[in-house]
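Structure first, then comments.
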Amino acid sequence: MEYEGSEPGTAKSTKPAYTPTEVAADPENELASVIAGAQELLQWEETLGGTGFPTPERVAIPTSEGAREGSEDLRARLQVLTEEAAECTRCDLHRGRTKSVFARGNPDTDLVFVGEGPGYNEDQQGLPFVGRAGQLLDRMIAAMGYDREGVYICNVVKCRPPENRTPLPTEAQACAHFLVPQLELVKPKAIVALGRCAAENLEVVPPAGRWRGIWGEWRGIPVMPTYHPAFLLRSPQFKKPVWEDLQAVLRVLNREAPKR
Ligand code: SF4
């Protein structure tokens, strides 16, 4: 999957951050992967210049300013979409899926993350961002002062593309049938687009120049495009600019990152 995160003027990488199938098939590889993940998380903390991420006790869990009116209706409508996606055959991606991956987290939130599409682990579990990139995303979310279940996380496409490739425009277009009402129902105060694919499909990539860290708007909702966590796993030097993007998001939400 091409989690694009290239700086302007650099060629985009086509090398996947990891191959989940290989990890799952080889226990030694899996152990190495866990160790590598832990090291990457430590690097992420060092990149931020702090002594550590907020511990769970110190993380402020947002209460989303009270349950939104019509909250049960919101969840019921999202559930209808979830069930429809599970049976969907609108594009060819349905042929290879184990489970469709609709979303995880709290739809009564002010903050939504949109990624590209499910990988191996996500396809197996039916949940987005549950692999190594998901663990890094959880740390990023915690650093912002949110609980991992206090935000809402979804993808441009709900079914895993073969070999984790980037979804084709036609596939993304077909799956907008779900993404558009999903985001309109949740209606957050800000969206973080993880990777260029998500940013493009939320139409916040300028025709030329830098795309990361430049505020855009999707149907009246501010969108911050930033690098995908899978890209950060292989290019940790970009964690600092991503953290700056996330801090900009916090400012729009009138929130502060917990003191570390
Ligand atoms: S990716 Fe989206 S549009 Fe394509 S089959 Fe899956 S749910 Fe349907």
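For the sequence shown, numbering that gives the first Met the number 0 begins at 0 and goes up steadily by one.
Note that CB positions come from ideal geometry on N, CA and C, so glycine has one too.
Residue i - partner residues in DSSP beta bridges
{"i": "Thr225", "result": "Leu193"}
{"i": "Cys153", "result": "Val113"}
{"i": "Ile220", "result": "Trp217"}
Reduced DSSP category for residue i - H, G, I as helix; E, B as strand; rest coil
{"i": "Glu71", "result": "helix"}
{"i": "Gly104", "result": "strand"}
{"i": "Asp146", "result": "coil"}
{"i": "Asn268", "result": "It is not possible to answer for residue 268, since the shown part of the chain is limited to 0 through 259."}
{"i": "Gly125", "result": "coil"}
{"i": "Cys90", "result": "coil"}
{"i": "Leu182", "result": "helix"}
{"i": "Ala84", "result": "helix"}
{"i": "Thr169", "result": "helix"}
{"i": "Val136", "result": "Sequence check: residue 136 is Leu here, not Val. Correct three-state label for Leu136: helix."}
{"i": "Val79", "result": "helix"}
{"i": "Val22", "result": "Any answer about Val22 is weak, because its pLDDT of 32 lies below 50 and its placement is not dependable; what the coordinates show is given next. Helix."}
{"i": "Glu199", "result": "helix"}
{"i": "Pro55", "result": "With a pLDDT of 32 at Pro55, under the threshold of 50, the modelled position of this residue cannot be trusted; read the value that follows with caution. Coil, per DSSP."}
{"i": "Pro206", "result": "coil"}
{"i": "Pro235", "result": "helix"}
{"i": "Gly95", "result": "helix"}
{"i": "Ala256", "result": "coil"}
{"i": "Arg131", "result": "helix"}
Among the options, the one whose alpha carbon lies nearest that of residue i
{"i": "Leu245", "options": "Arg233, Val191 and Pro205", "result": "Val191"}
{"i": "Pro228", "options": "Arg209, Phe237 and Glu86", "result": "Phe237"}
{"i": "Gly215", "options": "Leu232, Arg233, Phe230 and Ala247", "result": "Ala247"}
{"i": "Pro260", "options": "Glu83, Asp91, Ser70 and Arg254", "result": "Nothing about residue 260 can be reported from this structure: the residues present for the chain run from 0 to 259 only."}
{"i": "Asp107", "options": "Gln134, Glu183, Pro127 and Gly114", "result": "Glu183"}
{"i": "Arg131", "options": "Glu83, Leu231, Lys239 and Gly125", "result": "Leu231"}
{"i": "Lys186", "options": "Gln172, Tyr151 and Pro224", "result": "Tyr151"}
{"i": "Phe112", "options": "Asp122, Ala84 and Tyr145", "result": "Tyr145"}
{"i": "Trp210", "options": "Glu82, Val129, Trp217 and Glu199", "result": "Glu199"}
{"i": "Gly118", "options": "Val155, Leu80 and Ala75", "result": "Val155"}
{"i": "Phe262", "options": "Glu82, Leu193 and Ala85", "result": "Lying outside 0 to 259, the shown extent of the chain, residue 262 is not represented and no answer is given."}
{"i": "Arg218", "options": "Asp137, Thr97 and Lys188", "result": "Lys188"}
{"i": "Arg74", "options": "Glu86, Ala84, Asn105 and His93", "result": "Asn105"}
{"i": "Arg164", "options": "Cys196, Ser234 and Ala84", "result": "Cys196"}
{"i": "Leu126", "options": "Glu83, Ala142 and Ala102", "result": "Ala102"}
{"i": "Gln123", "options": "Cys153, Thr97 and Pro235", "result": "Thr97"}
{"i": "Leu110", "options": "Ala84, Asn120, Ala141 and Leu135", "result": "Ala141"}
Classification of residue i by the beta-carbon crowding that lies within 10 angstroms, buried from 16 upward
{"i": "Val203", "result": "buried"}
{"i": "Thr270", "result": "Nothing about residue 270 can be read from this structure; the chain reaches only from 0 to 259."}
{"i": "Pro205", "result": "exposed"}
{"i": "Gly116", "result": "buried"}
{"i": "Gln78", "result": "exposed"}
{"i": "Val222", "result": "buried"}
{"i": "Gly95", "result": "exposed"}
{"i": "Thr169", "result": "exposed"}
{"i": "Val157", "result": "First, the amino acid is wrong: residue 157 is Lys here, not Val. Looking at its Cβ environment, which holds 16 or more other Cβ atoms inside 10 Å, Lys157 is buried."}
{"i": "Ser99", "result": "buried"}
{"i": "Gly69", "result": "exposed"}
{"i": "Ala256", "result": "buried"}
{"i": "Val241", "result": "buried"}
{"i": "Asn253", "result": "exposed"}
{"i": "Ala173", "result": "buried"}
{"i": "Asp72", "result": "exposed"}
{"i": "Pro224", "result": "buried"}
{"i": "Gly208", "result": "exposed"}
{"i": "Arg147", "result": "buried"}
Limits of the unbroken beta strand (DSSP E) element including residue i
{"i": "Trp217", "result": "Gly215 to Trp217"}
For residue i, the first and last residue of its enclosing alpha helix (DSSP H)
{"i": "Cys158", "result": "No alpha helix (DSSP H) contains Cys158, which DSSP labels as neither H nor E."}
{"i": "Pro240", "result": "Lys238 to Val251"}
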